[in-house]
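Engineer: Below you will find the structure I want to go over with you.
Numbering (my numbering), first residue to last: 774 to 998.
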């Protein structure tokens with residue numbers, strides 16, 4: 774694939790913007806939609822793993838605090854319980870790789886909007902989840918349709934950074950929750966299935982996530998971008 778001279782510049786710019794926002798108290802409201810977006814990816818991972826292992830998704834619930842729940846019947850329980858955090862990381866890492874080519878940005882945004890809309894239409898339960906799912910889908914489509922190619926490329930880069938950082942933040946939170954006791958979580962669900970302590974699962978998912986992100990970032994160096 775031909776090199777995109779803007780790829781590394783946009784990635785660094787998106788990272789710098791993310792760091793700058795972390796020092797602004799009211800920036801929480803600006804990045805809140807991205808937190809909800811990552812929740813959709815996380816719960817979508819559970820739902821997809823359920824369907825791929827021949828289970829049935831009962832409902833997906835999205836809460837205002839950016840947490841979520843997926844209720845399913847059947848399927849491969851081990852894969853389903855692991856799929857949430859790994860899906861968030863895989864999506865973020867995948868975006869980092871795709872961001873090397875700005876020409877893909879609008880297509881990726883449109884496909885993501887379609888996936889979130891499908892998840893909302895078929896599985897999301899509750900008014901809040903519906904409103905958020907529709908708003909996220911419309912927002913992504915709006916950027917894909919109206920933004921200039923370079924603007925869409927930068928937005929996708931910012932989305933990738935937000936996904937990666939939120940995925941790591943969620944795993945850090947999971948680790949501390951798991952270390953303190955038997956709080957309800959994906960890691961605790963894995964403990965109930967395997968008798969392996971939740972903190973071990975949290976650390977395992979964190980290690981896999983860091984390895985995936987490192988691989989994605991190395992793709993920039995290998996390509997010379």
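From the three backbone atoms N, C-alpha and C, an ideal C-beta is built for every residue, glycine too.
1. Kindly list the residues whose CB is nearer than 6 Å to the CB of residue 862, restricted to its own chain and excluding five residues on each side of it in sequence; keep chain order.
2. Short of 6 Å in beta carbon distance, which residues of its chain neighbour residue 818, apart from the five on each side in sequence? Order them along the chain.
3. Could you check the C-alpha separation between residue 802 and residue 808 for me, to the nearest Å?
4. Figure out for me which residue from 923, 936, 885, 926 has the closest Cα to the Cα of residue 912.
5. Could you tell me if residue 823 is buried or exposed, where buried requires 16 or more neighbouring beta carbons within 10 angstroms of its beta carbon?
6. In angstroms with no decimal places, state the Cα-to-Cα distance between residue 991 and residue 796.
7. Check residue 776 in the structure and name its three-state DSSP category.
8. Using the three-state DSSP reduction, which class does residue 831 fall into: helix, strand or coil?
9. Contact defined as beta carbons within less than 8 Å: I believe residue 952 pairs with residue 972. What is the distance between those atoms, to the nearest angstrom?
10. Is the region 961–972 touching the region 829–837, taking contact as three or more C-beta pairs under 8 Å?
11. I think residue 944 touches residue 975, with their Cβ atoms under 8 Å apart; what is that distance to the nearest whole Å?
12. Using the rule of at least 16 other Cβ atoms within 10 Å of the residue's Cβ for burial, across every protein chain shown, is residue 793 buried or exposed?
Structural biologist: This is what the structure gives:
1. Start at 1 with the first residue of the chain shown, and residue 862 comes out as number 89. Once the five neighbours on either side are set aside, the close Cβ partners of residue 862 are 940, 982, 985.
2. By one-based count along the chain shown, residue 818 stands at place 45. The answer, listed in chain order, is 856, 857, 860.
3. Your numbering for residue 802 matches position 29 in the chain shown. Your numbering for residue 808 matches position 35 in the chain shown. Distance between the alpha carbons of residue 802 and residue 808 is about 10 Å.
4. Along the chain shown, one-based indexing puts residue 912 at 139. Its Cα nearest to that of residue 912, the residue 885 stands out among 923, 936, 885, 926.
5. Stepping through the chain shown from its first residue, residue 823 is reached at position 50. Classification for residue 823: buried.
6. Here residue 991 refers to the residue found at position 218 of the chain shown. Here residue 796 refers to the residue found at position 23 of the chain shown. When rounded, the distance between both Cα atoms is 28 Å.
7. Along the chain shown, one-based indexing puts residue 776 at 3. Residue placement at residue 776 is poorly supported in this model, since its pLDDT is 48, which falls under 50; the coordinates are not used for a value here.
8. Your numbering for residue 831 matches position 58 in the chain shown. The DSSP-derived three-state label of residue 831 is strand.
9. In the chain shown, residue 952 corresponds to position 179, counting from 1. In the chain shown, residue 972 corresponds to position 199, counting from 1. Under the criterion of beta carbons closer than 8 Å, residue 952 and residue 972 qualify as touching, at roughly 5 Å.
10. The region 961–972 is not in contact with the region 829–837.
11. To locate residue 944, count along the chain shown from 1; it is residue 171. To locate residue 975, count along the chain shown from 1; it is residue 202. Sure, about 7 Å apart at Cβ, within 8 Å.
12. The residue labelled residue 793 in the question sits at position 20 within the chain shown. It counts as exposed.
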